[in-house]
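One structure is given below, encoded as structure tokens.
Numbering (my numbering), first residue to last: 5 to 129.
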């Protein structure tokens with residue numbers, strides 16, 4: 005039996021964080037949830053995650069800051085990164101992918117769609 009794939013969820017809104025962690029846990033992932041960018045960076049650099057879900061606007065470091073730092077330090081890192089944000093303008097989406105995001109999900113979102121996207125990303129990790 006293989007260990008469940010690990011997913012990092014960094015989201016400052018506790019309701020969203022709890023729903024995402026619950027749904028991913030029910031889907032069989034081992035979830036670590038944090039509430040700010042500083043803790044997200046600490047976990048991402050110190051852990052072994054298949055996927056990291058980063059809110060763009062968080063206290064401390066933004067999700068984009070965490071993403072850029074990770075990609076610069078670990079350019080061929082195996083962790084796939086999904087940005088989860090209310091920023092829906094084309095320029096925001098383009099900036100997210102330019103920073104190195106593997107996927108971009110706009111709030112509000114369907115939890116089952118997010119689980120499907122994480123599952124697809126984890127398959128490429």
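Where is the CB? At the ideal position from N, CA and C, for every residue including glycine.
Fair warning: this is a prediction, and the values are worked out from it, not measured in the lab.
- If you draw a 10 Å sphere on the C-beta of residue 59, you find 16 or more other C-beta atoms in it, and that means buried.
- For residue 10, there is no enclosing alpha helix (DSSP H); the enclosing beta strand (DSSP E) has its first and last residue at 10 to 14.
- In this structure, the alpha-carbon of residue 68 lies about 32 angstroms from that of residue 6.
- A contact is defined here as three or more CB-CB pairs under 8 angstroms, and the segment 20 to 35 fails this definition with respect to the segment 65 to 84.
- Here the alpha carbons of residue 46 and residue 95 stand approximately 28 angstroms from one another.
- Rounded to the nearest angstrom, the gap between the Cα atoms of residue 42 and residue 19 is 20 angstroms.
- Just measuring C-alpha positions, the residue of 80, 44 and 31 sitting nearest residue 87 is 44.
- Here DSSP, grouped into helix, strand and coil, assigns residue 37 to strand.
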